[in-house]
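Right, one structure below, let's go through it.
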Amino acid sequence: MATTDNSIDGRTEHCDSCGTDTIHQVSVQLVTESTKKENSQFSREPYRVTECQQCGSRESMRMNNA
Ligand SMILES: [Zn+2]
52 MATTDNSIDG RTEHCDSCGT DTIHQVSVQL VTESTKKENS QFSREPYRVT ECQQCGSRES
112 MRMNNA
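Okay, here's the thing in C-alpha cells:
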C-alpha cells in the first residue's frame with residue numbers, strides 16, 4: 052500500500068519562465084476590486100495564484116471570467 056504525501060500543496064504546471072513543467076504552489080486569494088463603489092461587499096474576486104517552485108515567478112488568474 053503506497054502512502055501519498057499530500058502535505059505539499061503542489062501541482063505540476065507549465066511555467067513560461069522555465070519553459071517547462073515545474074512544481075507550482077497553488078493558492079486562492081480574494082482580491083478586492085475597488086473600482087466599483089456599489090456592491091463593495093461582492094467585489095472581492097477569487098484569484099488563483101500559482102508560484103513556480105523552480106524560479107519563483109508568480110502568476111495570478113482571475114477565476115471568474117465575466
Ligand atoms: Zn518557473
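Residues in the sequence shown are numbered consecutively from 52, following the working numbering. Beta carbons: idealized from backbone N, C-alpha and C, even for Gly.
Check                                                                                              : Outcome
Beta-carbon spacing of Q80, Y98 below 7 Å                                                          : yes
Bridge partners - G61, DSSP secondary structure assignment                                         : Q76
Sequence-ordered residues whose beta carbon comes within less than 7 Å of a heavy atom of ligand 1 : C66, S68, C69, T73, C103, Q105, C106 and S108
Spatially closest choice to S94 from T83, S111 and V100, by CA coordinates                         : T83
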